[in-house]
């Protein structure tokens, strides 16, 4: 793992997520893709388990920095990123549909946990939050696998392709 | 001469390298750090967010401008732009409301001279929006802070209408709690009604009027103004217009009033903070 590249990459994606992702907003609910969620799944799939734990919490911290309250996304991303990394040791997530499904499920679960934790922190409950989580996870899952290739190129990681024997 | 050989017990090296940490420990440490962030006071943890916004304010502003220009549709063949039209409409509504208040005062005091309540004595601090609302979070971070005279509770204007209040301040940045945020509660008055009410954000793009009895007559299009607040706002300023009015499903004796903000908050790139009684 090239940690300097990782740090620069996370910073760039965080700034893009905070400043420019509005361009991609869709529907009247203003649903946007979550590139940090896509990165979370990418690192959970393509790194070894120890690295995946560190990257999951770091990506969560980056999501908190541009979010409403600190801590909730760090915990939820860290927890579900770690779970995904362990799951990947058992089930191979290399086909694009599986990667999409992983992004979607992680997005829904991590988003729900982050929302519940933010309620614990006294953040106000907003309406239609589950709709936004669902929409954002779905949007991210559609874009995510196509974002994996440039991410792997930047991180100088090999992305082994699934081949039928 | 024979050498005597003695066997010395040497401890077997642990499989793990010296200095390396197990996965379980890494996970535990990071989880603890996350928990500390969750339980730490918001004003402390916000410093991370403010620092990020301050350090990356240029790329964030550029990104926001790009996304705003990308989302702006082609202007129609109007003489003035729609945004300017909206600004002027809001200004006109504010002046009209102030004039009405003056007339009322003059009638009440029958000729007594009154102090001109307006924003003339206030300082309007212009600020650029660094980051807009993210992930449904109805807050803005602006590039003015405590060193510019900003304080919590001050009203923030966008296109001459109220868009929120300052909720957190650091030395050079501040967070604006938008009127559309569920935690925003602002005293307001609907034109034509002799009653003050409270408006609360619905977490989306509009605002709800709280606890307004159905005995009051309302209609769609009525203007909604923020009430005066001593030390923070000396004149009523427009917030928005009534966009929908129906009986509350939960309590049929109350109206369920939806107010549409007077400006498109998502497209704002600069705002003005009302500082009453400035130091200088």
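Residue numbers (the numbering used here), protein chains in the order written: chain Y, -17 to 147; chain F, 3 to 282.
Glycine included, each C-beta is placed from N, C-alpha and C at the ideal position.
CA-to-CA distance, residue j to residue i, given in whole angstroms
i: residue 57 (chain Y); j: residue 59 (chain F); result: 27 angstroms
i: residue 194 (chain F); j: residue 98 (chain F); result: 13 angstroms
i: residue -8 (chain Y); j: residue 246 (chain F); result: 43 angstroms
i: residue 89 (chain F); j: residue 121 (chain Y); result: 35 angstroms
i: residue 70 (chain Y); j: residue 35 (chain F); result: 25 angstroms
i: residue 38 (chain Y); j: residue 86 (chain Y); result: 16 angstroms
i: residue 65 (chain F); j: residue 279 (chain F); result: 35 angstroms
i: residue -11 (chain Y); j: residue 46 (chain Y); result: 16 angstroms
i: residue 61 (chain F); j: residue 169 (chain F); result: 24 angstroms
i: residue 15 (chain Y); j: residue 7 (chain Y); result: 8 angstroms
i: residue 154 (chain F); j: residue 101 (chain F); result: 29 angstroms
i: residue 116 (chain Y); j: residue 125 (chain Y); result: 14 angstroms
i: residue 103 (chain Y); j: residue 96 (chain Y); result: 10 angstroms
i: residue 94 (chain Y); j: residue 60 (chain Y); result: 14 angstroms
i: residue 141 (chain Y); j: residue 74 (chain Y); result: 12 angstroms
i: residue 204 (chain F); j: residue 166 (chain F); result: 13 angstroms
i: residue 35 (chain Y); j: residue 65 (chain Y); result: 9 angstroms
i: residue 222 (chain F); j: residue 134 (chain Y); result: 54 angstroms
i: residue 268 (chain F); j: residue 83 (chain F); result: 17 angstroms
i: residue 189 (chain F); j: residue 240 (chain F); result: 12 angstroms
i: residue 13 (chain Y); j: residue 140 (chain F); result: 14 angstroms
i: residue 265 (chain F); j: residue 207 (chain F); result: 11 angstroms
i: residue 112 (chain Y); j: residue 212 (chain F); result: 24 angstroms
i: residue 185 (chain F); j: residue 105 (chain Y); result: 8 angstroms
i: residue 24 (chain Y); j: residue 4 (chain Y); result: 22 angstroms
i: residue 48 (chain Y); j: residue 104 (chain F); result: 45 angstroms
i: residue 180 (chain F); j: residue 163 (chain F); result: 12 angstroms
i: residue 70 (chain F); j: residue 54 (chain Y); result: 29 angstroms
Beta bridge counterpart(s) of residue i as assigned by DSSP
i: residue 227 (chain F); result: F:191 and F:240
i: residue 159 (chain F); result: F:164 and F:274
i: residue -15 (chain Y); result: Paired residue(s): none; residue -15 (chain Y) is not in a bridge.
i: residue 258 (chain F); result: F:248
i: residue 209 (chain F); result: F:203 and F:261
i: residue 222 (chain F); result: Per DSSP, none; premise fails for residue 222 (chain F).
i: residue 176 (chain F); result: F:144 and F:171
i: residue 72 (chain F); result: None, per the DSSP bridge assignment.
i: residue 133 (chain F); result: F:143
i: residue 287 (chain F); result: Limits of chain F in this structure are 3 at one end and 282 at the other, which puts residue 287 (chain F) out of reach.
DSSP-derived helix/strand/coil call for residue i
i: residue 127 (chain F); result: strand
i: residue 264 (chain F); result: coil
i: residue 133 (chain Y); result: helix
i: residue 116 (chain F); result: For residue 116 (chain F), the pLDDT reaches just 41, beneath the cut-off of 50, and the residue's location in the model is therefore unreliable, although a value from the coordinates is still provided. Residue 116 (chain F): coil per DSSP, three-state reduction.
i: residue 246 (chain F); result: strand
i: residue 1 (chain Y); result: helix
i: residue 217 (chain F); result: coil
i: residue 1 (chain F); result: As shown, chain F starts at 3 and ends at 282. That puts residue 1 (chain F) outside it, with no answer to give.
i: residue 28 (chain F); result: helix
i: residue 169 (chain F); result: strand
i: residue 141 (chain F); result: strand
i: residue 152 (chain F); result: coil
i: residue 279 (chain F); result: coil
i: residue -10 (chain Y); result: helix
i: residue 141 (chain Y); result: coil
i: residue 269 (chain F); result: helix
i: residue 147 (chain Y); result: Caution applies to residue 147 (chain Y), whose pLDDT of 43 falls short of 50 and renders its modelled position unreliable; the value that the coordinates give is listed next. Looking at residue 147 (chain Y) - three-state DSSP - the assignment turns out to be coil, as it is neither helix nor strand.
i: residue 13 (chain Y); result: strand
i: residue 234 (chain F); result: coil
i: residue 26 (chain Y); result: helix
i: residue 8 (chain Y); result: strand
Of the residues the options, the one placed nearest residue i, counting alpha carbons only
i: residue 217 (chain F); options: F:228, F:205, F:197 and F:204; result: F:197
i: residue 41 (chain Y); options: Y:92, Y:4, Y:102 and Y:1; result: Y:92
i: residue 178 (chain F); options: F:204, F:130, F:225 and F:249; result: F:130
i: residue 79 (chain Y); options: Y:136, Y:-1, Y:-4 and Y:128; result: Y:128
i: residue 99 (chain Y); options: F:191, F:208 and F:37; result: F:37
i: residue 214 (chain F); options: F:225, F:201 and F:208; result: F:201
i: residue 27 (chain Y); options: Y:63, Y:50, Y:-2 and Y:55; result: Y:63
i: residue 191 (chain F); options: F:134, F:48, F:160 and F:230; result: F:230
i: residue 219 (chain F); options: F:256, F:233 and F:183; result: F:256
i: residue 51 (chain Y); options: F:48, F:68, F:55 and F:92; result: F:48
i: residue 81 (chain Y); options: Y:137, Y:119 and Y:-4; result: Y:119
i: residue 171 (chain F); options: F:50, F:251 and F:236; result: F:50
i: residue 260 (chain F); options: F:272, F:254 and F:244; result: F:244
i: residue 76 (chain Y); options: Y:1, Y:137, Y:-14 and Y:29; result: Y:29
i: residue 158 (chain F); options: F:249, F:44, F:234 and F:41; result: F:234
i: residue -15 (chain Y); options: Y:-1, Y:33 and Y:-2; result: Y:33
When Cβ atoms are compared, which residues of the region 11 to 39 of chain Y fall closer than 7 angstroms to chain F?
-> Listed in sequence order: 31, 32, 35, 36 and 39.
Using a Cβ cut-off of 7 angstroms, which residues of the region 158 to 175 of chain F contact any Cβ in chain Y, in chain order?
-> Going along the region 158 to 175 of chain F in chain order, one finds no residue with a Cβ nearer than 7 angstroms to chain Y.
Closer than 7 angstroms, Cβ to Cβ, to anything on chain Y: give me those residues from the region 202 to 215 of chain F, in chain order.
-> Of all residues in the region 202 to 215 of chain F, 204, 205 and 206 have a Cβ within less than 7 angstroms of some Cβ in chain Y.
For the region 37 to 61 of chain F, which residues have a beta carbon sitting closer than 8 angstroms to at least one beta carbon of chain Y?
-> Listed by position along the chain: 37, 38, 39, 40, 41, 42, 44, 47, 48, 50, 51, 54, 58 and 61.
Check distances from the C-beta atoms of the region 22 to 34 of chain F to those of chain Y and list, in chain order, the residues that come in under 7 angstroms.
-> Along the region 22 to 34 of chain F, going in chain order, the ones with a CB nearer than 7 angstroms to a CB of chain Y are 25, 28, 29, 32 and 33.
Where the region 47 to 58 of chain Y meets chain F: residues whose CB sits under 8 angstroms from a CB there | Correct list: 47, 48, 49, 50, 51, 52, 53, 54, 56 and 57.
Using a Cβ-Cβ cut-off of less than 8 angstroms, give me the residues of the region 59 to 71 of chain Y that come near chain F, in sequence order.
-> The region 59 to 71 of chain Y vs chain F, Cβ under 8 angstroms: 60, 61 and 64.
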